[in-house]
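A short worksheet on the structure shown next.
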Amino acid sequence: MTMLHEHDNELATLISQEQERQKLQLQLIPSENYVSKNVLEAVGSVVMNKYSEGQPRKRYYQGNDNIDGIELLAKKRALELYGLDPEEWDVNVQAVTGSVANLAVLSALLEPGDRILSMYLYDGGHLSHGWQLPDGKKVSFSSRIFDVSYYQVDKQSERFDYNEIERIAQEVKPKLIISGGTAYPPEIDYERMAHIAHEVGAYYLSDIAHEAGLVAAGVNAAPFPYADVVTMTTRKTLRGPVGAMIFSRREDNQSYHSREGFNDRINRAVFPGLQGGPMNHSIAGIAACLKEASTNEFRSYAKQVVSNAIFLASELDGYGFHIVSGGTEKHLILIDLQNKNTRGRNFAIALEEANIITNANTHPNEQGSPFYPSGLRLGTPAVTSRGMKEPEMEKIASWINTIGGIVNGMPLKLGEFSKELEKEKTTLHQIAHEVAQMTANFPVPGID
Ligand code: DSN
1 MTMLHEHDNE LATLISQEQE RQKLQLQLIP SENYVSKNVL EAVGSVVMNK YSEGQPRKRY
61 YQGNDNIDGI ELLAKKRALE LYGLDPEEWD VNVQAVTGSV ANLAVLSALL EPGDRILSMY
121 LYDGGHLSHG WQLPDGKKVS FSSRIFDVSY YQVDKQSERF DYNEIERIAQ EVKPKLIISG
181 GTAYPPEIDY ERMAHIAHEV GAYYLSDIAH EAGLVAAGVN AAPFPYADVV TMTTRKTLRG
241 PVGAMIFSRR EDNQSYHSRE GFNDRINRAV FPGLQGGPMN HSIAGIAACL KEASTNEFRS
301 YAKQVVSNAI FLASELDGYG FHIVSGGTEK HLILIDLQNK NTRGRNFAIA LEEANIITNA
361 NTHPNEQGSP FYPSGLRLGT PAVTSRGMKE PEMEKIASWI NTIGGIVNGM PLKLGEFSKE
421 LEKEKTTLHQ IAHEVAQMTA NFPVPGID
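In UniProt numbering, the protein residues as written are 1 to 448.
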């Protein structure tokens with residue numbers, strides 16, 4: 001950063017401040033993590049100067065030998081990491097984000113107007129799976145193109161009732177079923193989801209954006225034996241850069257459209273369908289993170305991510321927080337705050353004041369809205385990357401409980417809430433100080 005400080009101090013200062021924030025605070029947003037110096041170096045490299053529309057060895061512009069090498073390396077490492085036979089599976093590493101990856105799959109396999117069945121957003125689904133508001137307003141682009149139906153979790157257990165999902169699939173007869181999302185803490189039964197999809201002649205798309213690293217490490221089950229297509233982002237539990245991967249079978253056994261492989265259609269949907277030149281620097285970063293994810297060190301890390309989340313959930317449960325789905329089998333925890341007389345945003349604001357970063361989230365029995373929900377989402381990937389374990393989770397749970405006690409019963413309206421919170425600043429800043437003392441003992445990968 002020395003160069004940037006010299007030539008553009010205004011920008012360099014903001015970046016430095018963000019670096020300090022990431023070191024100082026507890027990053028508990030489950031989709032966030034810290035990339036290594038290797039990944040940072042690859043992403044900040046000159047490969048971003050090159051245009052490379054097309055596929056490796058089949059580019060539209062000259063001068064792509066090295067870019068081909070990087071993309072082929074990323075693809076090879078991706079297939080190896082998930083134990084996939086390159087004769088059977090292909091992987092596209094060009095989609096810029098998970099949402100674009102999902103849109104590419106939908107546009108490759110379906111016709112406009114075709115029906116999708118996906119998880120309801122409030123229960124933990126994702127925007128790119130075709131979200132429209134209960135009043136019919138189509139929020140995501142995929143919901144404007146396709147006809148979307150939803151399945152939800154059982155309101156009591158807050159877990160999937162697969163018989164009910166099967167019943168809905170048979171009723172709505174989708175052309176494609178999606179599993180996965182952003183806030184479903186139990187593992188998903190991929191075999192059952194594939195069975196439900198294939199029984200009604202639908203494709204099965206498994207989106208494992210959140211679990212990618214846990215699946216790579218063998219800590220969570222893999223959808224590959226069952227799914228037709230698997231999408232993931234590379235930045236969450238996989239601990240890579242912003243980017244996405246689309247794994248698809250070379251053969252389309254459903255023959256809904258044609259005998260052409262999924263992969264050819266998907267590659268074309270990414271480019272030229274949705275994107276121009278790929279982000280070669282992200283692809284280089286993906287290659288770097290995939291090498292790291294194949295190590296024993298990463299496998300131990302992923303195991304600890306889940307142990308930490310299970311422990312943190314159980315501590316919070318002990319403090320009387322309503323842990324959605326009764327716990328977690330992954331890296332994330334969802335809390336329904338209705339018994340704590342507060343909203344997710346209010347709680348998250350108070351936690352931030354104490355250097356604890358979380359996000360407000362909807363939950364299956366939500367009465368609020370996605371911007372002002374009554375849930376809170378937490379996760380352990382980033383704090384585990386710093387080396388934190390159960391003793392730190394115990395401390396974090398206790399801070400969250402203290403702050404939960406402070407916000408309980410405060411006015412919900414944000415203006416009034418902020419005024420009330422002002423009166424509690426001494427306690428919150430004392431916790432912020434304790435958090436800073438703890439984080440100072442845990443180096444940040446990629447920074448320290
Ligand atoms: N923003 C991601 C998450 O936090 O889960 C989903 O795209």
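Yeah, the Cβ is synthetic: ideal placement off N, Cα and C, and Gly gets one too.
Would the beta-carbon of residue i be found less than 6 Å away from any heavy atom of the ligand DSN?
{"i": "Thr182", "result": "yes"}
{"i": "Ser282", "result": "no"}
{"i": "Ser374", "result": "no"}
{"i": "Ser31", "result": "yes"}
Could you tell me which of the options sits nearest to residue i, measuring between CA atoms?
{"i": "Pro443", "options": "Asp135, Lys37, Leu14", "result": "Lys37"}
{"i": "Val270", "options": "Asn308, Val93, Ala432", "result": "Val93"}
{"i": "Phe247", "options": "Thr237, Asp228, Gly240", "result": "Asp228"}
{"i": "Asp114", "options": "Glu392, Gln22, Lys173", "result": "Lys173"}
{"i": "Arg343", "options": "Asn361, Lys137, Glu352", "result": "Asn361"}
{"i": "Val105", "options": "Gly379, Ile447, Arg386, Arg265", "result": "Arg265"}
{"i": "Gly63", "options": "Met279, Ser52, Met438", "result": "Ser52"}
{"i": "Leu72", "options": "Ala288, Lys425, Leu316", "result": "Ala288"}
{"i": "Glu315", "options": "Ser300, Ala436, Ile335, Arg21", "result": "Ile335"}
{"i": "Tyr203", "options": "Ala209, Lys23, His195", "result": "His195"}
{"i": "Asn66", "options": "Ala78, Met48, Leu79, Glu394", "result": "Met48"}
{"i": "Lys58", "options": "Leu351, Glu111, Asn267", "result": "Asn267"}
{"i": "Pro272", "options": "Thr13, Ala436, Gly54, Ile406", "result": "Gly54"}
{"i": "Gly276", "options": "Val96, Thr13, Glu20", "result": "Val96"}
Straight-line CA distance for residue i to residue j?
{"i": "Ile356", "j": "Val39", "result": "26 Å"}
{"i": "Glu366", "j": "Ile70", "result": "45 Å"}
{"i": "Gln338", "j": "Glu88", "result": "48 Å"}
{"i": "Ser107", "j": "Ser31", "result": "26 Å"}
{"i": "Leu121", "j": "Trp131", "result": "7 Å"}
{"i": "Val324", "j": "Pro364", "result": "8 Å"}
{"i": "Thr402", "j": "Gln170", "result": "48 Å"}
{"i": "Glu191", "j": "Tyr226", "result": "6 Å"}
{"i": "Gly213", "j": "Thr384", "result": "13 Å"}
{"i": "Asp135", "j": "Ser282", "result": "38 Å"}
{"i": "residue 451", "j": "Gly446", "result": "The structure shown does not extend to residue 451, since the chain is modelled only from 1 to 448, so the question has no answer here."}
{"i": "Ala354", "j": "Glu416", "result": "19 Å"}
{"i": "Lys340", "j": "Asn308", "result": "23 Å"}
{"i": "Gln152", "j": "Gly98", "result": "22 Å"}
{"i": "Met193", "j": "Ala440", "result": "44 Å"}
{"i": "residue 449", "j": "Glu20", "result": "Outside the displayed range of the chain (1 to 448) lies residue 449, so it cannot be described from this structure."}
{"i": "Ser45", "j": "Lys413", "result": "46 Å"}
Would you kindly report the start and end of the unbroken beta strand (DSSP E) that includes residue i?
{"i": "Gly344", "result": "Not the beta strand (DSSP E): Gly344 falls in the alpha helix (DSSP H), residues 344 to 353."}
{"i": "Gly387", "result": "Premise fails: Gly387 is in no beta strand (DSSP E) and is neither H nor E."}
{"i": "Asp207", "result": "203 to 207"}
{"i": "Thr97", "result": "Careful: Thr97 lies outside any beta strand (DSSP E) and carries neither H nor E."}
{"i": "Leu376", "result": "375 to 379"}
{"i": "Asn267", "result": "Segment 262 to 268 is the alpha helix (DSSP H) holding Asn267; no beta strand (DSSP E) there."}
{"i": "Ile335", "result": "332 to 336"}
{"i": "Leu176", "result": "176 to 179"}
{"i": "Ala360", "result": "359 to 361"}
Starting from the C-beta of residue i, find all residues in its chain whose C-beta is less than 6 Å away, skip the five residues before and the five after it, and write them out in chain order.
{"i": "Ser294", "result": "Leu81"}
{"i": "Pro381", "result": "Asn33, Thr237, Val305, His331"}
{"i": "Tyr61", "result": "Tyr51"}
{"i": "Ala244", "result": "Ala95, Thr97, Gly98, Ala101, Thr233"}
To which residues of the same chain is residue i closer than 8 Å at the C-beta, ignoring the five residues directly before and after it?
{"i": "Asn102", "result": "His126, Ser128, His129, Ser142, Ile178, Leu205, Asp207, Thr231"}
{"i": "Lys303", "result": "Ala217, Val219"}
{"i": "Arg250", "result": "Glu87, Glu88, Trp89, Asp90, Gly261, Phe262, Asn263"}
Where do the N-terminal and C-terminal ends of the alpha helix (DSSP H) with residue i fall, by residue?
{"i": "Leu312", "result": "296 to 318"}
{"i": "Arg77", "result": "65 to 81"}
{"i": "Ile286", "result": "280 to 293"}
{"i": "Tyr13", "result": "Note on residue identity: the sequence assigns Thr, not Tyr, to residue 13. Where Thr13 is concerned, the enclosing alpha helix (DSSP H) stretches over 9 to 24."}
{"i": "Ser142", "result": "141 to 145"}
{"i": "Phe247", "result": "Premise fails: Phe247 lies in the beta strand (DSSP E), 244 to 249, not in any alpha helix (DSSP H)."}
{"i": "Asn163", "result": "162 to 172"}
Below 7 Å CB to CB, which residues in the same chain sit around residue i once its five sequence neighbours on both sides are set aside?
{"i": "Leu290", "result": "Ala74, Arg77, Ala78, Leu81"}
{"i": "Val407", "result": "Thr342, Asn346, Phe347, Ala350"}
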